[in-house]
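See structure below.
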Amino acid sequence: MSRSSLNSTLFYGGTVKVSKVSPLHAAAQALWLGLTEHCGITIDRDDTVRRVEESFTEMLDGYGKNPVAVVNQCLFSATEPRSLVIAQHIEFFSLCEHHLLPFYGEVHIGYMPSAKLVGLSKLPRVVDVISRRLQVQERIASEIINAMVKSDLKPASVYVKIDSKHLCCGMRGAKKPDLVMTTFQSWHDLGASPNPNNEELFLSLLK
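Numbering (this note's numbering) for the sequence shown: -6 to 200.
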């Protein structure tokens, strides 16, 4: 059996099912043929189409996964006095829905617990689920907040800061590869009497 006829592929120890006649395969094939025709070249590389299909399957595997369920997988009672919880430098990669080019950087998440805490590893997993979709940076932050607010964590407040580089501005267009885009969003439970100093504290603690 040739490699191009396989209907699954292995990566990072997992298996991604790839249909032999999937729309993604057809799109990858059309893209490859269109690019070579545009460049006026002929390159016979069936494996490129397969690799493109597998790459997009992996990079977009956040679809069909529920970030709220990820948060709910590991919750426990907050027995200590409530204090601000921060997870910094969560690396992420995503695809810009405007140009299908990557943007990447770090997410910093903070929250003020109410009665529960979430397992530390679940916050990076939430970031992975949300970022592995066609995205814009601002929506990643709002979807992280929504996942935490809608979960059983029920935080009193949530803060999300994202710093990232966009290849759509680095490789093309403005051609500024060192440009860093920073966004910040917050949410507060108005019924929980949020401390306005927590937002300033969150930003001051980021290193």
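Every residue gets a Cβ at the ideal spot worked out from N, C-alpha and C, and that includes glycine.
For residue i and residue j, I'd like the C-alpha separation in whole angstroms.
| i | j | result |
| --- | --- | --- |
| Asp39 | Ala19 | 12 Å |
| His92 | Val122 | 20 Å |
| Thr176 | Pro117 | 18 Å |
| Ala80 | Glu51 | 25 Å |
| Arg44 | Met141 | 35 Å |
| Ala23 | Leu194 | 51 Å |
| Val198 | Lys58 | Correcting the residue type first, residue 198 is Leu in the shown sequence and not Val. Taking the straight line joining both Cα atoms gives about 31 Å. |
| Phe69 | Ala21 | 45 Å |
| Ala62 | Asn139 | 12 Å |
| Ile155 | Ala134 | 7 Å |
| His181 | Val151 | 7 Å |
| Leu77 | Asn191 | 7 Å |
| Pro95 | Asn188 | 37 Å |
| Val111 | Ala71 | 9 Å |
| Gly27 | Arg75 | 57 Å |
| Glu73 | Val42 | 54 Å |
| Arg165 | Leu172 | 12 Å |
I'd like the list of long-range same chain contacts for residue i, defined as Cβ closer than 7 Å, with 5 residues on each side in sequence excluded.
| i | result |
| --- | --- |
| Ser107 | Lys147, Pro148, Ala149, Ala185 |
| Glu84 | Glu99 |
| Met174 | Gln130, Ser157, His159 |
| Ser(-5) | Residue placement at Ser(-5) cannot be trusted, given a pLDDT of 37 that sits under 50; what the coordinates show is reported in the next sentence. Once the five neighbours on either side are set aside, Ser(-5) has no close Cβ partner at all. |
Assuming residue i and residue j make a contact with CB atoms under 8 Å, what is their CB distance in whole Å?
| i | j | result |
| --- | --- | --- |
| Gln130 | Val153 | Wrong, their Cβ atoms sit about 11 Å apart, outside the cutoff. |
| Lys115 | Cys67 | 5 Å |
| Glu90 | Leu53 | Rounded, the Cβ-Cβ distance is 11 Å, inconsistent with contact. |
| Ser15 | Val64 | Contact flag wrong, Cβ pair sits at about 31 Å. |
State the start and end residues of the unbroken alpha helix (DSSP H) segment that holds residue i.
| i | result |
| --- | --- |
| Gln22 | 16 to 32 |
| Ile123 | 115 to 124 |
Buried or exposed: where does residue i fall if 16 or more other Cβ atoms within 10 Å of its Cβ makes it buried?
| i | result |
| --- | --- |
| Tyr104 | buried |
| Leu88 | buried |
| Arg125 | buried |
| His101 | buried |
| Leu113 | exposed |
| Glu47 | buried |
| Ile137 | buried |
On the DSSP letters alone, give me the boundaries of the beta strand (DSSP E) that residue i sits inside.
| i | result |
| --- | --- |
| Gln178 | 174 to 181 |
| Ala80 | 78 to 89 |
| Asp145 | No beta strand (DSSP E) contains Asp145, which DSSP labels as neither H nor E. |
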